[in-house]
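Remarks on the structure that follows.
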Amino acid sequence: MAKILIAYYSRKGQNYVNDSIKNLAKGNTEIVAEFIQKAVGGDLFEIDTVKNYPVDYTECTNVAKDEIRQKARPELKNYLDSISEYDTIFLGYPIWWSVPPMAVSTFLEHYDFTGKKIIPFATHEGSGLGGSVNYIKKIIPTADVKTGLAIHGAEAAQSESQVSNWAKKSL
Numbered sequence: 001m002a003k004i005l006i007a008y009y010s011r012k013g014q015n016y017v018n019d020s021i022k023n024l025a026k027g028n029t030e031i032v033a034e035f036i037q038k039a040v041g042g043d044l045f046e047i048d049t050v051k052n053y054p055v056d057y058t059e060c061t062n063v064a065k066d067e068i069r070q071k072a073r074p075e076l077k078n079y080l081d082s083i084s085e086y087d088t089i090f091l092g093y094p095i096w097w098s099v100p101p102m103a104v105s106t107f108l109e110h111y112d113f114t115g116k117k118i119i120p121f122a123t124h125e126g127s128g129l130g131g132s133v134n135y136i137k138k139i140i141p142t143a144d145v146k147t148g149l150a151i152h153g154a155e156a157a158q159s160e161s162q163v164s165n166w167a168k169k170s171l
């Protein structure tokens with residue numbers, strides 16, 4: 001049986017939710033990642049940066065925009081020793097200006113994804129997957145990157161059935 005990895009970046013704390021700022025105890029992408037694990041098994045890996053983003057949502061968005069402009073690669077707190085044992089990787093992230101946070105790029109550039117099946121999933125507040133799938137294909141061109149799933153962030157906690165069905169079909 002193929003070994004599954006569910007790697008994700010998620011923002012807890014202040015988030016934009018349905019036209020207002022709310023404080024989330026758990027990030028929306030993390031919630032979806034856990035639904036995927038419950039549905040199909042696999043190992044969870046949180047992509048997390050050494051330097052924390054500002055707590056204030058607006059300040060965070062400014063830092064994130066600067067990182068995108070600069071094509072920054074934030075340092076990560078942890079890395080997996082290897083991804084060689086994984087055949088399928090669900091890759092989760094919020095959409096920040098049409099692409100994943102730059103920490104996801106750091107993660108992707110750290111490993112060899114040749115021949116791996118990459119199944120993106122994103123949380124968003126109106127942009128769907130944005131340009132994230134094409135962005136990922138450019139970073140890891142030797143991987144088999146699938147179309148993926150977009151979940152409206154405000155509905156993440158209520159999306160278990162949808163996520164479960166999609167994850168099972170994606171394998």
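Going by the working numbering, the first residue of the sequence shown is number 1, and it counts up by one from there. Backbone N, C-alpha and C define an ideal beta-carbon position, used for all residues, glycine too.
Practice task
Specify whether the stretch 134-143 and the stretch 163-171 touch according to this definition: at least 3 beta carbon pairs, one from each stretch, less than 8 Å apart.
Solution key: no
Practice task
Can you say whether His110 is buried or exposed, counting buried as having 16 or more other CB atoms within 10 angstroms of its CB?
Solution key: Here the question's residue 110 lines up with position 110 in the sequence shown. Result: exposed.
Handout entry: Rounded separation between Gly42 and Lys71 - CA only
Key = Indexing the sequence shown from 1 puts residue 42 at position 42. Indexing the sequence shown from 1 puts residue 71 at position 71. About 31 Å.
Handout entry: Ile4 to Pro94 span [Cα, whole Å]
Key = Against the sequence shown, residue 4 aligns to sequence position 4. Against the sequence shown, residue 94 aligns to sequence position 94. Answer to the nearest angstrom: the Cα atoms are 21 Å apart.
Handout entry: Residue range of the unbroken alpha helix (DSSP H) whose run includes Thr106
Key = Working through the sequence shown from its first residue, we reach residue 106 at position 106. Start and end: Met102 to His110.
Practice task
For Pro120, count neighbouring Cβ atoms within 10 angstroms of its own Cβ and tell me buried if that reaches 16, exposed if not.
Solution key: Residue numbering aside, residue 120 sits at position 120 when the sequence shown is read from its first letter. Pro120 comes out buried.
Problem - Residue environment, Tyr79, which counts as buried when at least 16 other CB atoms sit within 10 Å - result: Here residue 79 refers to the residue found at position 79 when the sequence shown is read from its first residue. The residue is exposed, with fewer than 16 neighbouring Cβ atoms inside 10 Å.
Practice task
Take every Cβ of the stretch 58-76, pair it with every Cβ of the stretch 25-34, and state whether three or more of those distances are shorter than 8 Å.
Solution key: no
Practice task
Can you give me the Cβ contacts of Asn23 inside the same chain, cut-off strictly under 7 Å, excluding the 5 residues immediately before and after it?
Solution key: Sequence index remark: in the sequence shown, residue 23 carries index 23 (1-based). Same-chain partners within the cutoff: Gly13 and Gln14.
Problem - Contact under 8 Å by Cβ, Gly153 with Thr123 - result: On the sequence shown, residue 153 is found 153 positions in, with the first residue counted as 1. On the sequence shown, residue 123 is found 123 positions in, with the first residue counted as 1. Closer than 8 Å, so yes.
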